[in-house]
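Below is one structure, written out as structure tokens; the observations come after it.
There are 2 protein chains.
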Amino acid sequence: MISNFEFSNPVKISFGKGSIARLSALVPEKSSVLIIYGGGSIKKNGIYDQVLEALKGFHISEFSGIEANPHYETCMKAVELVKEKHINFLLAVGGGSVIDATKFIAVSSFFEGDPWNILAKGSSVSKALPLGVVLTLPATGSEMNERAVISRVSTKQKLNFSTPVVFPKFSILDPEVTYSLPLRQVANGVVDSFIHVVEQYLTYPVNAKVQDAFAEGLMKVIHDEGLKVLTNPHDYDIRANLMWAATNALNVWIGQGVPQDWSSHRMGYPLTAQFGLDHAQTLAVLLPGVMTYMFKDKQIKLAQMGEVVFHITEGREEERAHQTIVATEAFFKQMGLKTRLSEYGITSDDLDALTTPIDKLGWKLGEHHNIDSSTAKEIMMLRI
Amino acid sequence: MISNFEFSNPVKISFGKGSIARLSALVPEKSSVLIIYGGGSIKKNGIYDQVLEALKGFHISEFSGIEANPHYETCMKAVELVKEKHINFLLAVGGGSVIDATKFIAVSSFFEGDPWNILAKGSSVSKALPLGVVLTLPATGSEMNERAVISRVSTKQKLNFSTPVVFPKFSILDPEVTYSLPLRQVANGVVDSFIHVVEQYLTYPVNAKVQDAFAEGLMKVIHDEGLKVLTNPHDYDIRANLMWAATNALNVWIGQGVPQDWSSHRMGYPLTAQFGLDHAQTLAVLLPGVMTYMFKDKQIKLAQMGEVVFHITEGREEERAHQTIVATEAFFKQMGLKTRLSEYGITSDDLDALTTPIDKLGWKLGEHHNIDSSTAKEIMMLRI
């Protein structure tokens, strides 16, 4: 049975070629805008110039240097700037890291006390600076959801928070801005968004036909177009389909009313915090482990997924489910990602350190809440 | 190529068993609420009692008697009541007709001049009373969009309008309230929502993979569950899937960036206004005509639709496309709907009167804007 749910998603999407010019209409008049971005690639590929051109007449400040897996420490510096410059609108120009950082800056600018508690203690927030997005890397879905993940360098922690007040007011999705992305980032985005769908789908059947159909459609699109983009990086349609699919993969619409399993995501956080793996790299390694270890729980949906995404139609359900795991790992390899911990120099000696954070946070992961630190260790052992 | 688009949909959905009780939290505190409903079936099936129970403590007024294909004249009476009772929140309890009427009442309550101009002249509106919905009949998608269709008895006209200010603040979707619906209404809802998807899908391919996948998924769900509901009217999952599919069929999400063809809808309006056919009945008659007359334009998508929805995989594309038309008409018949004008006593002598409104309104229908009144007449001739 589909569970009860209550949800809305008010983000305005402005999609298509040249849509950065829409900023002039989408940012509230007379705003004092802080443009937040990463390492400066937007200055090389022309996006920065397009943004400034569209925002002529607004009062503009800038904050650059948001890292991949954005740092709490960096966000706190931006909060100081927000207060100093009396900023009243934040514009994230970047991918998931920049958007997530902007969300955290948005709530921290009003939070009384240490904003780290929003992440570490789940302190509630009721107010945030309004924010908009110019998306440069389709992957995380952060442009159309109310979530963010932040890392703290000093303690090697990576934590998430979620609140409706950080829904972007708008997100601009121009597929052409993705032409210049490095291949590694494109491949990471494909794998990340594919796995977002898997995490809202690959549990047990509850007869949620619409949610299943949408999830299966997205997995198929991301798989098919993901393989094509490697050899056709300047094809508008492929880029447009991947961009729109990635947004729909985590605007939290396909997951309403169905069981979910975010264990690969959560188990992956320490791999990033302790070993510096890209977020998508952690997922490509761990998801096949979760699929294998939890095989019995996921067998029906694995077979269903295999038929739609990989055209696996021969054999008994169990065999088809196994073939789906093989095909999934092969897909990640085709996209150029590694799928074993050992390929990153991680050995069984590292697993205690990688799984103790799960204990500390008291997490019981998976759709049946039965993955604790010792189960996580066994899953990781399968991926050495 | 996918066209540029800009869109948001802020409607909060509260879905599931018992969700009418959520009214007490969803209606703004201290509101003076006008409950708007139809012929009184909600008093027989217990929905009315659930609504009143949930709204204890609010100041409540009522307006009943909204017709199928809601009348302008009736809406104007409700507007008088709104002003007299100082209503500041409208609650539609019903299906598409009640919701559409409520939207028109919401804008007419603030409109200066004759509100008919909103429909007849497309007069712009910038303000509406806030409204919420308790959905009793899944069909039109009105619970999650910004559109409404209103009929004027005195002139036998049926016209639509659309404005973001009439997006419901929330819509409550409890599948259990649909158990008691008469079979004819259930079947109408299935056909109506199926055709909503067709109208956003069955044009020419633009390589919009996500939009296509979502549309195909919805058509398949509505087709499969629609046939099941006839013999399993009290199956929660079937009702839940149909309800959620119908909302997604016209929350205008699947149609972003793709060509659309609403000609069956528009050509059907005079059939309702002049001959009293249910909205879905008009569609079941006309859609096969549009498919046949516009065959060459729609052949590729017809074949694509046939494969996913009806498992038509044998033969050349043209043959598969033809089989899809046959299967679509057969589906409507299986749902108990007539598919010929003559079955309603309409003859070729009536076609001039049925198509002149298209001329009067200057409509050029279809994805290529090439269906005028004479083409419409030829299409209808195919359906005698």
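Read top to bottom, the protein sequences are chains A and B. Under this note's numbering, the first residue of the first sequence carries the number 129, and numbering increases by one thereafter. Under this note's numbering, the first residue of the second sequence carries the number 129, and numbering increases by one thereafter. Think of the CB as a built atom: it goes at the ideal place given N, C-alpha and C, for glycine as much as any other residue.
Can you tell me whether A:Asn-137 is helix, strand or coil according to DSSP?
strand
Three-way DSSP call (helix, strand, coil) for B:His-199 in this model
strand
For B:Gly-222, the three-state DSSP class (helix, strand or coil):
strand
Please list, in chain order, all residues of the same chain as B:His-362 whose beta carbon is under 8 Å from its beta carbon, the five residues on each side excluded.
Tyr-307
To the nearest angstrom, report how far apart B:Glu-157 and B:Phe-186 are at their CA atoms.
8 Å
Using the beta-carbon of each residue, which ones in chain B are nearer than 9 Å to A:Asp-365?
Met-129, Ile-130, Val-334, Asn-335, Ala-336, Lys-337
Apart from the five residues on each side of it in sequence, which residues of its chain come closer than 6 Å, Cβ to Cβ, to B:Glu-234?
What sits at residue 234 of chain B in the sequence shown is Ala, not Glu. Taken in chain order, the residues that qualify are Leu-218, Ala-256, Leu-257, Leu-259, Val-294.
Would B:Pro-296 pass as a contact of B:Ala-368 if the rule is Cβ separation under 8 Å?
no
Nearest chain A C-beta to B:Leu-151 closer than 8 Å, yes or no?
no
Alpha helix (DSSP H) runs wholly inside the stretch 348-422 of chain A, at least 4 long, in chain order
364-377, 391-403, 407-421
I believe B:Ile-175 touches B:Val-221 by the beta-carbon criterion, under 8 Å. Please report the beta-carbon distance rounded to the nearest angstrom.
7 Å
Secondary structure, beta strand (DSSP E): runs of 3+ residues fully inside the stretch 284-330 of chain A:
285-290, 298-301
Buried/exposed call for B:Lys-429, threshold 16 Cβ in 10 Å
buried
When the Cα atoms are used, what is the spatial distance from B:Ile-300 to B:Val-262?
5 Å
CA-to-CA distance, A:Asn-197 to A:Gly-404, given in whole angstroms:
9 Å
How is A:Gln-473 classed by DSSP in three states: helix, strand or coil?
As written in the sequence, residue 473 of chain A is Gly, which differs from the Gln given in the question. It is coil, neither helix nor strand.
Looking at C-alpha atoms only, which residue of B:Val-318, B:Pro-243, B:Ile-163 is the closest neighbour of B:Thr-230?
B:Ile-163
Positions along the stretch 284-299 of chain A whose CB lies within less than 7 Å of some CB in chain B:
none
For B:Val-261: DSSP bridge partner residues
B:Ala-220, B:Ser-299
State the Cα-Cα distance for the pair A:Phe-238 and A:Ile-141, rounded to the nearest angstrom.
26 Å
What's the gap between the Cα of B:Ser-254 and the Cα of B:Glu-212?
22 Å
Considering only their Cβ atoms, is the gap separating B:Ala-267 from B:Gly-317 smaller than 8 Å?
yes
Within 10 Å of its beta-carbon, does A:Glu-446 have 16 or more other beta-carbons around it, so buried, or fewer, so exposed?
exposed
Any chain B beta carbon closer than 8 Å to A:Trp-244:
no
If you measure from the beta carbon of A:Gly-383 to each beta carbon in chain B, is any gap under 8 Å?
no
Run through the DSSP bridge pairs and tell me what B:His-214 is partnered with.
Answer is none; B:His-214 lacks a bridge partner.
At 8 Å on the CB atoms, spell out the chain B contacts of A:Val-349, in chain order.
Lys-337, Val-338, Ala-341
Compare the C-beta of B:Lys-356 with all C-beta atoms of chain A and state if any pair is closer than 8 Å.
no
Quick one: using the 10 Å Cβ neighbour count with 16 as the cut-off for buried, is A:Lys-426 buried or exposed?
buried
For A:Asn-369, would you say it is in contact with chain B, using Cβ-to-Cβ distances shorter than 8 Å as the test?
yes
Going by DSSP, which residues form a beta bridge with B:Ala-276?
B:Phe-289
Any residues in the stretch 424-452 of chain B with a beta carbon nearer than 9 Å to a beta carbon of chain A? Which ones, in chain order?
none
Would you mind telling me which residues of chain A sit closer than 9 Å to B:Leu-346, beta carbon to beta carbon, in chain order?
Val-338, Ala-341, Phe-342
If you drop the 5 nearest sequence neighbours on each side, which residues of the same chain put their C-beta closer than 7 Å to that of B:Val-207?
Ile-233, Ser-236, Ser-237
For chain B, find out if any of its Cβ atoms is closer than 8 Å to the Cβ of A:Phe-459; answer yes or no.
no
Between A:Glu-344 and the rest of its own chain, which residues show a CB-CB distance below 6 Å, the 5 nearest in sequence each way excluded?
Val-436
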